[in-house]
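**Q** Starting off with a structure, shown below.
Here's what the structure looks like:
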């Protein structure tokens, strides 16, 4: 069993298909959305059966905030983006997951949201690995 | 000066135009988006010059999470909606604000995000007051 993995937790199939694992945080698995249009990370709390943030325990809510903001800060510094967009929607995938996306003036869909915009464009494998490595390093210096 | 209001804080003009004050929480002013297409609340931390959640102090980050989840839970219970959508984008309005929206299968734009979808449809005044009263009561029983 991987560290942080909770018995009974299974990653949603759609999340599994659209993103790749990047690293484990305390509560969440951090994943990289395989869409080269935007630098886009996803935090998935390893808790089974949770759809809404307010259904987490108070401690888990605090942990999720801490981890989300840590990731947001690292992503902002690493990409020098204009604005971080965070969101927890779950209209399509009900399993609780938090998006952290680096946005820049003039990027696809700007200034609108990324969710539901156009069609996902997977990275070339080496580019995805390079970005994942950059983010892992950026997060390692913060934690 | 209103309770919770911090010297130097001024509400962004666009937020002021699109939403109305609902109540004061500890850190945030809670506002009601004047758009009858979705039950939509906005939390605005009363801190000047903050654009990103991770630029708040750790204590303010924890407060914002607490208040956001309190509001989300009350909105979900009160509206019996399918899913809560939360988001902090700020691509148009840079002042930090957190959206909490009640979504239902088949509502305008479902399952896409509300941001940037179509044109805002203001409430009739009496309907807006009625919804604001309902939410104030729902929050009063939680706090």
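Residue numbers (full-length UniProt numbering), protein chains in the order written: chain E, 1 to 143; chain G, 1 to 143.
Note that CB positions come from ideal geometry on N, CA and C, so glycine has one too.
1. At the level of alpha carbons, what is the spacing between residue 229(E) and residue 129(E)?
2. Quick one: is residue 19(E) buried, meaning 16 or more other Cβ sit within 10 Å of its Cβ, or exposed?
3. Please report the straight-line C-alpha distance between residue 134(E) and residue 78(E), rounded to a whole angstrom.
4. Look up residue 84(E) in the DSSP assignment and give the residues it is bridged to.
5. Over what stretch of residues does the beta strand (DSSP E) that includes residue 119(E) continue unbroken?
6. What first and last residue would you give for the beta strand (DSSP E) that runs through residue 29(G)?
7. Once DSSP output is grouped into helix, strand and coil, what is the label at residue 22(G)?
8. Which same chain residues, not among the five before or five after residue 61(E), have their C-beta less than 7 Å away from its C-beta?
9. If residue 73(G) sits next to residue 12(G), beta carbons under 8 Å apart, how far is it from one beta carbon to the other, in whole angstroms?
10. Residues of the region 104–120 of chain G with a CB closer than 7 Å to any CB of chain E: list them in chain order, please.
11. Assign residue 101(E) to one of two classes, buried (16 or more other C-beta atoms within 10 Å of its C-beta) or exposed (fewer than that).
12. Straight-line CA distance for residue 1(E) to residue 10(G)?
13. Where does residue 71(E) fall in DSSP's three states?
14. Distance check for residue 126(E) and residue 27(G), CA to CA, integer angstroms please.
15. Who are the near neighbours of residue 64(E) in its chain, counting only those whose CB is closer than 8 Å to its CB and skipping five residues on each side?
16. Let me confirm a value: residue 31(E) is counted as buried when at least 16 other C-beta atoms fall within 10 Å, else exposed. Which label applies?
17. Which of helix, strand or coil does DSSP assign to residue 45(E)?
18. How about residue 50(G) and residue 88(E): are their beta carbons less than 9 Å apart?
19. Please report how far the alpha carbon of residue 7(G) lies from the alpha carbon of residue 90(E), in whole angstroms.
20. Against chain G, with Cβ distances strictly below 9 Å, would residue 94(E) count as a contact?
21. Buried or exposed: residue 225(E), going by 16 or more other Cβ atoms within 10 Å of its Cβ?
22. Rounded to the nearest angstrom, what separates residue 47(E) and residue 33(E) at their Cα positions?
23. Quick one: measure Cβ to Cβ for residue 36(G) and residue 123(G), integer angstroms, because I've assumed they're closer than 8 Å.
24. Given a cut-off of 9 Å on the beta-carbon distance, is the pair residue 81(G) and residue 39(G) in contact?
25. Check the Cβ of residue 29(G) against every Cβ in chain E and list those closer than 7 Å, keeping chain order.
26. Would you please verify whether the beta carbon of residue 18(G) is less than 9 Å from any beta carbon of chain E?
**A** The structure says:
1. No answer is possible for residue 229(E): the residues shown for chain E start at 1 and end at 143.
2. buried
3. 8 Å
4. 102(E)
5. Premise fails: residue 119(E) is in no beta strand (DSSP E) and is neither H nor E.
6. 28–33
7. strand
8. 53
9. The Cβ separation is near 26 Å, so there is no contact.
10. 110, 111, 112, 113, 115, 116
11. buried
12. Low confidence applies here, because residue 1(E) scores a pLDDT of 43, under 50, leaving its location unreliable; read the following figure in that light. One C-alpha to the other measures close to 50 Å.
13. helix
14. 44 Å
15. 27, 28, 43, 45, 53, 56, 98
16. buried
17. strand
18. no
19. 37 Å
20. yes
21. Because chain E is modelled from 1 through 143, residue 225(E) falls outside the range shown and cannot be assessed.
22. 20 Å
23. 5 Å
24. yes
25. Ordered by position in chain E, no residue passes the 7 Å Cβ test against residue 29(G), which lies about 20 Å from the chain.
26. no
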